[in-house]
Each structure stands twice: as C-alpha cells, then as structure tokens.
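As numbered in this note's numbering, residues 142 to 430 make up the sequence shown, in order.
We treat Cβ as the ideally placed atom computed from N, Cα and C, and that holds for glycine.
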Amino acid sequence: MITFENIIVNYGDFKALDLQTKIEIGPNDRVGIIGSNGSGKTTLIKACLGLLPYTGSITSDASVNEMAVHLQANDYVDTMNCKSIMETVLQCQISKSQELKELIGFFDFNASLKKKYKQLSGGQKQRFTLILVLMQNAPLTFFDEVTTGLDFETRMSLMDKLSTWYQDKGAAIVFVTHYFEELSRLTNKLLIIDKGQFIDYGDRDELFRKYCGHAVIIFDDNESNQRIASAFTTCKAPNGRLAVVCENQESELQVLLQLNEASVNYVRSDSDVELLYLNALEAYYEALS
C-alpha cells in the first residue's frame, strides 16, 4: 500500500524527522504512530501527502489524490449550515446519495445538518469532518489527533464509531494520537518515533512481547509493594505504578500468589500500549548509552 524508506525532513537547520529505516504499511493495516509532542508524527503524514519537502523514498499503490486525511485543524465557513457545506464539499446532494445518508445516520448527525458550523460542539465538528473524510472511500486514510480537546466520553464514542466503521473495510488507516487507549482500540501495528528518530515498528502484540514479555502485572508503587516487586523482574511503568514482567504462565502465577497473599490490588495486561511505549524508549536509549 505505502512504503517509506530513509525519510528525512528538515526545517532550515533543524532536522525534524530522520527515519533511517524501511517501513511498509499493507492494504488492511491499522497503524498507530506514537510519540511525544514534537516527535515528528504530523511531519511524517505531511511528507506522505507531498505537503513537505523530504529526502528518501515514499512509494504507494495510491496516488496522493486518492488518499484521505483528517488533520487537527479543519476550517469551514461559519455562516453556512452543515448540510450546505457537506453538499458543496462532496459535490452531491444528501437526498440522492444513499452512502452519504448512511454515514450521516451512522454518526448520529441528522439533527445537526441545519446548524451553522460555528454552532457545533467539538464532538459534532469532529463527526462532521469524519463524514467528509470517510465519504471519500480512500484506500489509505490519515487521521491526525482526531479527538484532541474532546472529553473522555466523546472520545470513546468516536473511537467506537471508527472501529465499527472500519471493521469490515478493505482499507489502510494511519492514526496519530497521544491517547494510548485509542491506539489499543483502533490499531494492529505501531510506529514508535521520538525526537524525530525511529524507535520501532511492527505488530502491536509482538512489540508488547518484545518489550514487556508474556504479560505484566501492574500495581501501586509504595514501600511494601516495592519489597514484593524486588523479588521479580520489573519494567518501566508510569509514575506511581510498579510493573512486574511475567515471561510465562508459571512466573505469572508466582507473582499473583505473592500479591494475593499481601492483599494488593493489581491489573494484568498483555497489551498495554503505554507500557510498551515506555519500555521501547527505555531500550532504545539504553542501547545508545
């Protein structure tokens, strides 16, 4: 579907992106790009769309005109109602397009069609733009921070909608977000970058096993729990938490017995994207030192 190799993007003397590797995205892949603010996520999307000069190679089965993109900022005419904007942008009448009517219904947007764009809430604006993007039926779609600024409930509702929509679609998506739970819901592969550098790329479950093992047991970081964790292999965890690595079911059982005896509340995970990300960065920078 799309392959990029040795991509470098410079802003003057500043090297914003330096991916010295080959990355292939297949026709049905759901790829999440993960990295801190300023790591080069949006820069990579803009390079793929031909919006920025770059060195290296980007090849795709789809032309840029066949790709779709949902960027962070989308400006529409505030004084027009949404129905008029939608029909103007898509160059079709809602009443004559069964597919468009289905999308509008799918995103519960019928009641908002008569509203002016400026009257929409943040979640409604995102639904409006998603309808325009998905109506393109593109073989490859880029989503850049779709849910930024939305409350948790609205974010989860949109993620459920997107996940359901793409469930049986033969199309690739590239999804940029800083919310780990969204990556868990929507992606099967992850591209991890940091400060413009390539960290890793691959199947999400395989990356978890690579950096976190068979499973991880997560619990609060305090003095008594630290004594329990010290008897086992640990990995990097978010602030205030401890994470014990379990390489197999036998070692997992040993950890759980200790925690249950001490009446410690815990969470088991074999797919936590935040843990995967933190430990991928840890391994990368340890290898450099």
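Identified DSSP bridge partners for residue i
i: I175; result: I333
i: S253; result: Answer is none; S253 lacks a bridge partner.
i: D285; result: V317
i: N431; result: The first residue shown for the chain is 142 and the last is 430, placing residue 431 beyond what the model contains.
i: S201; result: I143
i: V210; result: F283
Residue of the options minimising C-alpha distance to residue i
i: Y320; options: N329, Q338, I359 and V287; result: V287
i: R326; options: S298, A428 and G337; result: S298
i: N251; options: Q308, E228, K224 and V150; result: K224
i: L429; options: E415, I340, L185 and P280; result: I340
i: V150; options: V396, K336 and C387; result: K336
i: D216; options: F145, K163, G197 and K266; result: K266
i: K163; options: K187, Y342 and F284; result: Y342
i: K256; options: G191, M208, V172 and M221; result: M221
i: A421; options: E347, C387, H211 and N363; result: E347
i: K156; options: G173, G181 and T144; result: G181
i: E402; options: E423, S365 and Q277; result: S365
i: M208; options: T295, N278 and L416; result: N278
Cβ neighbours of residue i in the same chain (closer than 6 angstroms, five flanking residues each side left out)
i: V219; result: What sits at residue 219 in the sequence shown is Asp, not Val. The answer, listed in chain order, is Y258 and K259.
i: I358; result: V385, V396, Y407 and R409
i: G173; result: F316, L324, T328 and L331
i: F440; result: Residue 440 cannot be examined here, being either before or after the span of the chain that is shown, 142 to 430.
Residue i classed as buried or exposed, judged by whether at least 16 other C-beta atoms fall within 10 angstroms
i: S103; result: Limits of the chain in this structure are 142 at one end and 430 at the other, which puts residue 103 out of reach.
i: P168; result: exposed
i: P280; result: buried
i: Y352; result: buried
i: T200; result: exposed
i: F132; result: The chain is shown only over 142 to 430; residue 132 falls outside these bounds and no answer can be derived.
i: D413; result: buried
i: F293; result: exposed
i: T318; result: buried
i: Y418; result: buried
Spatial neighbours of residue i in its chain, beta-carbon cut-off 8 angstroms, leaving aside the 5 residues before and after
i: I272; result: M227, L241, L244, I245, F248 and F250
i: W306; result: F247 and L275
Cut-off 7 angstroms between Cβ atoms - residues of its own chain near residue i, not counting five sequence neighbours on either side
i: G290; result: G263
i: Y425; result: I340
Tell me the start and end of each unbroken beta strand (DSSP E) in the stretch 142 to 199 that is at least 3 residues and wholly inside, in chain order. You should have 143 to 152, 155 to 166 and 171 to 175.
Kindly provide the ranges of any beta strand (DSSP E) runs that are 3 or more residues long and lie completely inside the stretch 337 to 412, ordered along the chain. Under the rule that a run must span 3 or more residues, the beta strand (DSSP E) segments found entirely inside the stretch 337 to 412 read 338 to 344, 356 to 361, 382 to 387 and 407 to 410.
Go through the stretch 227 to 280 residue by residue and report every complete run of the alpha helix (DSSP H) that reaches 4 residues or more, in order. Within the stretch 227 to 280, the runs of alpha helix (DSSP H) that reach at least 4 residues and sit entirely inside it are, in chain order, 239 to 247 and 263 to 275.
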